[in-house]
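Chains as they are written, first to last, in this note's numbering: chain B, 1 to 261; chain X, 262 to 522. A virtual CB, placed ideally from N, CA and C, is assigned to each residue, including glycine.
Protein chains: 2
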Amino acid sequence: MTTVDEPAALSPAQARALFRDGTVTPTSGWASGYTQANLIAVPRDWAYDILLFCQRNPTPCPVLDVTDPGSTATVLAPGADLSTDFPRYRIWREGELAEEPDRVEWGADLVGFLIGCSFTFETALAEAGIPLRHIEQGRNVPMFVTGRQCRPAGRLHGPMVVSMRPVPADQVERAIEISGRMPAVHGAPVHVGDPAGLGIEDLARPDFGEAVEFRPGDVPVFWGCGVTPQAALMASRPPFAITHAPGHMLVTDVRDSAYRV
Amino acid sequence: MTTVDEPAALSPAQARALFRDGTVTPTSGWASGYTQANLIAVPRDWAYDILLFCQRNPTPCPVLDVTDPGSTATVLAPGADLSTDFPRYRIWREGELAEEPDRVEWGADLVGFLIGCSFTFETALAEAGIPLRHIEQGRNVPMFVTGRQCRPAGRLHGPMVVSMRPVPADQVERAIEISGRMPAVHGAPVHVGDPAGLGIEDLARPDFGEAVEFRPGDVPVFWGCGVTPQAALMASRPPFAITHAPGHMLVTDVRDSAYRV
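What follows is the structure in C-alpha cells.
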C-alpha cells in the first residue's frame with residue numbers, strides 16, 4: 001500500500017490507479033476539485049426499481065450515470081474500471097453484508113448506478129471558508145440512518161441516510177446557500193440542528209463513517225447521503241448487489257464546479 | 262367546449278376539469294404560476310428504457326414524476342386523472358402517430374412519465390419583463406427537431422427537440438440566468454442565435470407548435486423540449502405509447518417557484 005502525502009493534489013486518474021493497485025482509504029479530500037461518486041450495482045432485473053427509487057428520492061440519491069449491463073465503464077471517468085477503481089466495495093446477498101473486498105467480479109447482468117456525493121460540495125464550502133471538521137480531524141464523514149422513510153419504488157423501500165457536518169452557527173446560512181446551488185450532489189441540507197428531528201439518537205455513534213468532534217459554536221447540519229441506496233438494500237433484500245464501502249468513492253474526471261447551477 | 266376569458270387566473274384543478282370535460286387548447290399561459298408537464302406513457306417492458314433515456318438526457322427530458330403501472334394518479338396533482346386531464350393526447354403504434362383523442366384508455370400495464378416543461382420558466386421570464394412572443398401572438402410555442410442526437414438508452418434513441426423563443430438581444434443574458442436556475446424544467450438554453458448551429462433550416466416551419474413572429478432586435482433562443490421523448494418514439498418504434506399532444510400539457514398543483522434552485 002502506497003503512502004500518499006498530498007492526496008488532494010493527485011489527478012483523478014492517479015487516485016484511481018492507486019486504488020486499483022490496492023490502496024484502501026476513505027476518499028474525502030482526494031483529488032481536490034473533482035466530483036466523487038457512490039456506487040450501487042444490481043442485476044438487470046432490479047435496475048428499474050433502483051432507477052425509479054433514485055428518481056423519487058433525488059435529494060439522497062442523485063443519479064450521475066448508469067452503466068449498460070455488464071459494462072464497467074462510465075462517462076464520468078473515461079478509462080476507469082468500476083470493478084477495481086473504488087478503494088473498497090461491499091457485496092450484499094439477500095440484503096446482508098457478505099464481503100468487503102477491494103475489487104469485485106462484475107457479471108454480464110450487472111447494472112451500475114453512480115450517485116452524487118456530498119464530497120462534491122465540500123470543495124465549494126471550503127472555498128467559502130467554511131471549516132470541514134472531519135477533514136481537519138482526518139476522519140471519514142459521519143453518516144446516520146434517519147427515521148424518515150424514502151418514497152418507495154417497486155420492490156425498494158428504506159429510510160433516508162444523511163451525512164452530518166458541524167458548521168459554525170454564523171456560517172450555516174452560507175453553507176445552505178452554497179450547497180443549495182448543487183442539486184445534483186444532494187443540494188441544500190435536509191435538516192439543521194436537533195438530531196432528534198431526524199430520529200437520530202446519538203451524534204457520537206454514526207451508523208457509517210466516524211464520529212467527529214464539535215468546536216464551540218458548531219451546529220450539526222445534515223445532508224442527504226448517497227449511502228441511502230445501501231439502506232434500501234438492507235431493507236428490501238435483493239438477491240445480490242455491490243456497493244462502494246461508505247466514504248470510499250470513485251474519483252471521477254468531472255470537476256465539482258460542473259454541478260453548480 | 263367552454264370559452265375561457267382568463268385562463269391564466271384559473272386554478273390548476275379548474276383547468277384540469279375543463280380539459281376533462283372536453284376543452285381542447287394549448288395550455289401555455291393557463292393557471293399562471295403553476296408547473297405544467299409533458300406525458301409519455303409506455304408498457305412496463307419499456308419503462309426502464311424511457312427512464313434511463315431521461316436520466317441520460319436530463320436537459321430535454323427532466324422527469325418530474327413516474328406512475329406505478331396501471332395508475333393514472335400523480336403526486337404532482339392530487340385528484341388528477343392522467344387519462345383525461347390533458348387537453349389532447351397522441352397515441353403511437355410502432356412509432357407512428359395513430360390517433361389524437363382528448364381522452365385515452367389507460368391499460369393495467371402502462372407506466373406514465375411526467376416530464377418538465379419550459380412553460381414553467383416562462384412565468385419567471387415574464388416576471389423579469391422578458392416578452393414571450395408566442396403568448397403575445399396567441400400561438401403555441403414553436404418546436405424543432407434538431408440535428409443533435411440524444412445519448413441512447415437500451416432500445417431508445419433519437420434527436421433532441423427544442424422549443425424556440427425570440428428574445429430581445431439585450432435581455433438574452435438575463436433569460437439564460439433565470440432559466441439556468443431551473444434545471445428541473447430544462448434549465449438554461451442549449452443554443453442562442455443561428456438556427457443552423459442546431460441543424461434547423463427554417464424558423465418559419467416548426468416541426469411542432471406554430472411559427473412566431475420576431476420583433477426588431479429579437480434573437481432566437483433555444484431550450485431543451487419535453488417533446489424529445491416523442492421524437493425518440495418515432496425513431497425507436499416501441500409497439501405502443503401515449504403522449505400529450507405538443508403544447509397540450511397537464512397543469513399540475515406544483516408552483517413554478519418550487520423548481521427554482
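Cutoff 8 Å: residue i Cβ touching any chain X Cβ
i: Leu52 (chain B); result: yes
i: Val66 (chain B); result: yes
i: Arg181 (chain B); result: yes
i: Val167 (chain B); result: no
i: Asp253 (chain B); result: no
i: Met1 (chain B); result: Residue confidence is low: Met1 (chain B) scores 48 on pLDDT, short of 50, so the model does not pin down where it sits. No coordinate-derived value is stated.
Which residues DSSP lists as bridging residue i, in chain order
i: Ala41 (chain B); result: B:Gly112 and B:Ile242
i: His452 (chain X); result: X:Phe483
i: Ile352 (chain X); result: X:Glu360 and X:Ile503
i: Asp202 (chain B); result: None; Asp202 (chain B) has no bridge partner.
i: Leu511 (chain X); result: X:Ala298
i: Ser163 (chain B); result: B:Met143 and B:Trp223
i: Arg215 (chain B); result: Answer is none; Arg215 (chain B) lacks a bridge partner.
i: Leu76 (chain B); result: DSSP, once it has assigned bridges, lists no residue as partnering Leu76 (chain B).
i: Arg255 (chain B); result: B:Tyr34
i: Asp468 (chain X); result: BP columns for Asp468 (chain X) are empty, so no partner.
i: Asp65 (chain B); result: B:Leu114
i: Pro168 (chain B); result: B:Asp218
i: Gln137 (chain B); result: Note: Gln137 (chain B) sits in no beta bridge, so no partner.
i: Leu417 (chain X); result: X:Ala414
Pairwise C-alpha distance: residue j and residue i
i: His248 (chain B); j: Ala493 (chain X); result: 37 Å
i: Met1 (chain B); j: Asp21 (chain B); result: Per-residue confidence for Met1 (chain B) stands at a pLDDT of 48, beneath the threshold of 50, marking its modelled position as unreliable; no derived number is given.
i: Pro348 (chain X); j: Gly478 (chain X); result: 35 Å
i: Phe405 (chain X); j: Ser424 (chain X); result: 6 Å
i: Gly116 (chain B); j: Val66 (chain B); result: 12 Å
i: Pro444 (chain X); j: Gly294 (chain X); result: 17 Å
i: Leu300 (chain X); j: Ala449 (chain X); result: 22 Å
i: Arg442 (chain X); j: Arg521 (chain X); result: 6 Å
i: Leu313 (chain X); j: Arg215 (chain B); result: 44 Å
i: Asp81 (chain B); j: Leu203 (chain B); result: 35 Å
i: Cys61 (chain B); j: Ala278 (chain X); result: 35 Å
i: Gly158 (chain B); j: Asp170 (chain B); result: 34 Å
i: Gln230 (chain B); j: Thr243 (chain B); result: 7 Å
i: Ala506 (chain X); j: Ala9 (chain B); result: 52 Å
i: Glu361 (chain X); j: Val285 (chain X); result: 11 Å
i: Glu397 (chain X); j: Glu388 (chain X); result: 15 Å
i: Phe469 (chain X); j: Pro456 (chain X); result: 16 Å
i: Thr288 (chain X); j: Val488 (chain X); result: 15 Å
i: Pro339 (chain X); j: Asp514 (chain X); result: 8 Å
i: Ile311 (chain X); j: Ala414 (chain X); result: 8 Å
i: Asp329 (chain X); j: Glu105 (chain B); result: 33 Å
i: Val192 (chain B); j: Trp223 (chain B); result: 9 Å
i: Ser440 (chain X); j: Pro238 (chain B); result: 40 Å
i: Gly95 (chain B); j: Val219 (chain B); result: 34 Å
i: Arg103 (chain B); j: Leu375 (chain X); result: 39 Å
i: Gly197 (chain B); j: Val446 (chain X); result: 31 Å
i: Gly112 (chain B); j: Trp307 (chain X); result: 19 Å
i: Val161 (chain B); j: Val190 (chain B); result: 11 Å
Beta-carbon neighbours of residue i, restricted to chain B and to distances below 7 Å
i: Val324 (chain X); result: Gln55
Residues near residue i by beta carbon distance below 8 Å, same chain, minus five either side
i: Gly368 (chain X); result: Pro304 and Gly331
Chain-ordered neighbours of residue i on chain B, where CB pairs are closer than 8 Å
i: Tyr309 (chain X); result: Ala47, Tyr48 and Leu51
Under 7 Å by beta carbon: chain X residues contacting residue i
i: Val261 (chain B); result: Gly441, Arg442, Pro444 and Val522
Same chain only: Cβ atoms within 6 Å of residue i, ignoring 5 sequence neighbours per side
i: Cys315 (chain X); result: Cys322 and Val324
i: Ala15 (chain B); result: Trp30, Ala31 and Val251
i: Phe280 (chain X); result: Asp346 and Pro348
i: Thr296 (chain X); result: Thr381, Thr513, Val515 and Asp517
i: Arg317 (chain X); result: Arg412 and Ala414
i: Pro122 (chain B); result: For the sequence presented, residue 122 (chain B) should be read as Glu rather than Pro. Answer for Glu122 (chain B): Leu132, listed in chain order.
Neighbourhood of residue i by C-beta distance below 7 Å, restricted to the same chain and skipping five residues each side
i: Ala502 (chain X); result: Ile301, Ala302, Val303, Trp353 and Leu494
i: Ala266 (chain B); result: Only positions 1 to 261 of chain B appear in this structure, which leaves residue 266 (chain B) out of reach.
i: Arg155 (chain B); result: Asp49 and Ser236
i: Val212 (chain B); result: Arg133, His134, Gln137, Arg139, Pro142 and Pro166
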